[in-house]
Every structure is written in C-alpha cells, then in structure tokens.
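Take a look at the structure set out below.
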Amino acid sequence: MRVLVVGGGGREHTLCWTLARSAQVFCAPGNPGTAQLGTNLPVEPDDHQGITDAVQAHQVDLTVIGPEAPLAAGLTDHLTAAGHYVFGPTAAAARIESSKAYAKEIMLAAGVPTPTSETFRDQGRALDYIRGHAEPLVVKASGLAAGKGAIVCETRVHAEAAVRQMFGGAFGEAGKVVLVEEFVSGEEISILVVTDGERHLVLPPSQDHKRIGEGDTGLNTGGMGAYTPVSIADDALMDRVDREILEPIFHTLHQQNTPYTGVLYAGLMVGDTGDLSVLEFNCRFGDPEAQVVLPASALDLAPHAWAIAAGEHWSPGSSRCRAARAAVTTVLASHGYPASPRKGDPITVPGELPAETLLFHAGTAMDRDGTLRTAGGRVLSATGLGRDVPEAAARSRALAEAITFAGRQLRRDIAWREVARAGAS
Ligand code: GLY
C-alpha cells in the first residue's frame with residue numbers, strides 16, 4: 225500500500241513512522257525526519273489541487289491528513305471528489321474543531337458534559353455576560369487559532385480584556401465569534417479515537433503539557449511534552465468516557481448527517497470528584513500526543529485507516545487499544561518560542577540514539593551539506609519508551625538533553641503528575 229501523509233510536524237513524522245510498518249510512505253511537505261522513512265513531496269497542505277495531483281502521480285492508495293487546517297478547509301472533500309481514499313473527516317465534520325460554537329451545539333444536542341458557555345458575535349453582549357458571571361472565566365475564539373485561542377481569565381477584568389482583544393482582531397477570523405465559558409478545574413487528559421462514525425477504537429489516554437515552563441508556568445504553546453498511559457484514566461473512567469461522551473457524540477453526528485470518520489480527539493477535564501467534562505474536540509491526532517500514543521500502542525494504523533477510508537466493513541477488534549509500553553515525549557523548542565521562534569540555529573544530534581528512544585522531527589530543515597537547523601517553533605520530539613512512565617520519562621529527558629542548539633528550550637518535568645503518583649504508590 226502507498227500512503228501519503230499530509231503535514232510536516234512531529235505528529236506527521238510519527239504517523240509516517242507508524243504507517244511505514246505496512247505501507248510505502250510519502251509525506252507532503254514532510255521534514256528531514258520523514259525523508260528518512262519515505263519520499264517527501266514539495267507540496268503544501270493548503271494546495272488541494274497540488275496534493276490531488278501528487279496522489280495521482282505517485283499512485284497513492286490512501287491519504288492521511290495530519291493537521292486541522294487542511295481538514296477544515298476541505299482537503300478530504302477535494303480528494304474524495306477526485307476518487308481517492310482519505311483518512312480524515314470532511315470539512316463539515318471537521319467543524320467540531322474549526323467552530324467551537326458548533327462543537328458546543330453538538331455537545332448540548334448529544335447531552336455530553338461540557339462547561340456552561342455562551343456564544344457571542346457582538347462585543348457588547350459578551351461584556352454584559354461577563355459582568356453577570358463569577359470569575360474565573362475562559363474566553364475562547366471560536367475558530368482555529370493554532371492552540372492559542374483559549375484564554376483562562378482569573379478575573380472579570382482580564383476576561384473583558386480578552387474579549388476586546390478577540391473582537392479587536394487579534395485572532396483574525398477565528399475571533400469573530402467568541403465563547404465565554406465557565407472555568408472548571410481538575411486534570412486534563414487527551415483521548416484519541418479512531419472511528420468510521422459507527423464503531424470506534426479508543427487509543428491509550430495521554431496527557432499534554434501546554435505551558436512553556438516547568439511547573440506548568442508561562443505562555444501557552446502547542447504542547448511541550450506528553451505521556452501515556454495516564455493512571456487516572458482507568459478502565460472505570462474509560463467506560464464512562466465511552467458511555468457519557470463517545471457513544472452519544474458519534475450517534476448525534478450521524479443523526480445530524482455529518483458522520484465522522486478519521487480520528488476524533490476529545491480534550492477532557494477530570495474533576496477532583498471524578499466528574500467529566502469535554503473542553504474541546506479536535507478533528508485529528510494531537511501533537512505531541514501522537515508521539516507517545518502511537519509508539520506506546522504499537523497500533524498497525526495502515527489497515528485500519530484504509531478500511532475506514534475505503535468504506536469497507538471495519539472491525540476494530542476491540543473498542544480499546546491498550547498501551548503495550550509507557551511512552552513520554554519531551555519537545556525541544558527554538559529560542560523565542562512561542563512568541564517569536566528563531567530559525568536557522570544548527571542542531572547537534574547524537575550519532576546513535578540511545579536504546580528505547582525515538583526522535584521525531586518537526587521544525588527542522590537540512591542544508592545541502594547535511595547540517596540540521598531549527599526551522600520552526602517546536603523543533604524535535606524526544607520520545608522514551610519504558611516499562612512504566614518514570615522509566616520512559618528518564619529516557620525521554622536524557623535524549624532531549626543530548627540534543628543541543630542555541631536557545632534550546634525544553635521542560636525537564638514532563639509527566640510530573642504520573643511520576644508523583646508512581647512515587648506515592
Ligand atoms: N496537543 C494539543 C493539540 O494537539 O491540540
């Protein structure tokens with residue numbers, strides 16, 4: 225089977241690595257890491273005709289779309305209309321991520337637990353609402369904002385400022401519709417689900433680390449590291465995730481004529497008393513969650529993705545895929561990330577990777593002479609595997625520390641909650 229992965233980040237490198245188990249891989253545009261696994265094609269994900277031409281030229285059997293932007297822009301629809309198989313939702317179904325207002329409507333229709341919120345197209349009404357509600361509050365841009373569109377506001381004054389910022393154009397089109405949401409506390413987990421819209425396969429739960437600094441401090445990022453499995457997401461909790469969230473949401477999407485295929489990512493809050501609420505749905509694998517969930521689960525994704533894309537009768541075998549190993553990934557970010565990432569710093573990587581580690585490329589570029597350089601905000605993901613999360617975390621951190629470049633940023637506390645739980649048990 226010939227598979228094209230669309231995108232060029234750490235998630236897409238991990239997808240290529242996973243799919244290469246049983247497929248010949250192409251990646252558009254890819255990165256120096258994906259080039260080691262297959263063929264990079266110089267086509268950008270927003271060039272729908274260019275991607276379609278590449279699929280035809282390289283006789284690709286299946287396209288797997290990594291990032292949300294091409295999904296939201298209708299790349300699946302474009303390729304499908306040209307007669308090609310795609311693993312990823314249509315633009316209509318991808319609205320579950322590209323419109324937080326729509327996602328709330330679907331959740332309410334499905335009876336899925338989610339924080340109370342109100343949607344506004346008008347700044348004045350949003351400000352009035354804030355004045356009548358208790359702080360803290362969360363202000364969210366409804367559209368796609370590269371993971372930076374949700375602002376937790378400790379005070380009403382801060383929430384008013386966030387609303388003014390969004391309606392003032394700071395988030396472009398994404399901030400033309402704004403949600404003001406109740407703040408819920410607890411521990412966030414990421415649930416990635418492979419689905420054909422009727423049946424689903426839940427991958428091992430993981431936890432992301434969104435802040436740039438250790439101890440979960442500083443600016444929000446796309447994600448500075450992740451781990452799996454998460455012990456609080458035990459069988460009992462995952463049964464509830466199925467019953468209270470996944471079954472009703474897929475049923476409602478189907479009823480509303482937007483059947484969902486591909487990967488659905490549920491960002492959940494597990495409250496201190498075990499209550500669940502969905503903070504967001506995303507229409508794709510998480511990044512950096514993919515860098516731990518796929519290696520830890522050892523899932524042979526290609527046959528599943530192909531059966532779903534081809535509309536064949538797909539049988540996931542079981543509704544849950546468990547982590548065969550623990551995995552932790554530490555993201556190496558460039559100088560100035562997330563505000564203004566610097567490009568062009570030479571990177572030194574150990575000649576041979578230590579045992580039980582994987583290195584996934586994201587914002588890297590290679591000069592003609594073989595020099596690897598930083599080329600984006602999140603540069604590399606250093607994944608460690610192990611019998612348990614503490615062992616995997618130590619391997620991930622050791623690999624990350626062994627990679628050097630000027631201005632390198634990394635967190636040395638990835639998986640700190642799970643390491644603390646393991647120490648306490
Ligand atoms: N790691 C968060 C995301 O992929 O949206």
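This note's numbering numbers the first residue of the sequence shown as 225 and each following residue consecutively. Glycine is no exception: its CB is placed at the ideal position from the N, C-alpha and C atoms.
At a cut-off of 6 angstroms, is residue i close to the ligand GLY when judged by its beta-carbon and the heavy atoms of the ligand?
i: residue 371; result: yes
i: residue 510; result: yes
i: residue 601; result: no
i: residue 506; result: yes
i: residue 432; result: yes
Helix, strand or coil for residue i? Go by DSSP, reduced to three states.
i: residue 369; result: coil
i: residue 245; result: coil
i: residue 474; result: helix
i: residue 514; result: helix
i: residue 405; result: strand
i: residue 319; result: helix
i: residue 523; result: coil
i: residue 666; result: No statement about residue 666 is possible, as the shown extent of the chain runs from 225 to 649 and does not include it.
i: residue 251; result: strand
i: residue 260; result: coil
i: residue 240; result: helix
i: residue 462; result: helix
i: residue 482; result: coil
i: residue 347; result: helix
i: residue 633; result: strand
i: residue 505; result: strand
i: residue 276; result: helix
i: residue 432; result: strand
i: residue 543; result: coil
i: residue 422; result: coil
i: residue 628; result: strand
i: residue 620; result: helix
i: residue 375; result: strand
i: residue 561; result: coil
i: residue 528; result: helix
i: residue 395; result: coil
Expressed to the nearest angstrom, what Euclidean distance is found between the alpha-carbon atoms of residue i and residue j?
i: residue 594; j: residue 415; result: 38 angstroms
i: residue 323; j: residue 317; result: 10 angstroms
i: residue 627; j: residue 587; result: 14 angstroms
i: residue 532; j: residue 399; result: 34 angstroms
i: residue 372; j: residue 351; result: 21 angstroms
i: residue 483; j: residue 477; result: 5 angstroms
i: residue 543; j: residue 417; result: 9 angstroms
i: residue 610; j: residue 631; result: 29 angstroms
i: residue 279; j: residue 287; result: 8 angstroms
i: residue 557; j: residue 301; result: 34 angstroms
i: residue 537; j: residue 291; result: 26 angstroms
i: residue 412; j: residue 442; result: 17 angstroms
i: residue 335; j: residue 492; result: 15 angstroms
i: residue 365; j: residue 467; result: 29 angstroms
i: residue 584; j: residue 519; result: 11 angstroms
i: residue 495; j: residue 386; result: 25 angstroms
i: residue 648; j: residue 642; result: 10 angstroms
i: residue 395; j: residue 579; result: 43 angstroms
i: residue 569; j: residue 333; result: 49 angstroms
i: residue 486; j: residue 299; result: 13 angstroms
i: residue 253; j: residue 353; result: 44 angstroms
i: residue 391; j: residue 296; result: 22 angstroms
i: residue 260; j: residue 480; result: 43 angstroms
So residue i and residue j are in contact, right, with Cβ under 8 angstroms, and what is the actual spacing, rounded?
i: residue 339; j: residue 501; result: 6 angstroms
i: residue 515; j: residue 553; result: 4 angstroms
Answer with buried or exposed for residue i, where buried requires no fewer than 16 other C-beta atoms within 10 angstroms of its C-beta.
i: residue 644; result: exposed
i: residue 439; result: exposed
i: residue 272; result: buried
i: residue 512; result: buried
i: residue 506; result: buried
i: residue 230; result: buried
i: residue 270; result: exposed
i: residue 379; result: exposed
i: residue 249; result: buried
i: residue 368; result: buried
i: residue 405; result: buried
i: residue 446; result: buried
i: residue 431; result: buried
i: residue 574; result: exposed
i: residue 463; result: exposed
i: residue 459; result: exposed
i: residue 255; result: buried
i: residue 616; result: buried
Residue i: beta carbon under 6 angstroms from a heavy atom of the ligand NAD?
i: residue 447; result: Ligands present in the displayed structure are limited to the ligand GLY, and the ligand NAD is not among them.
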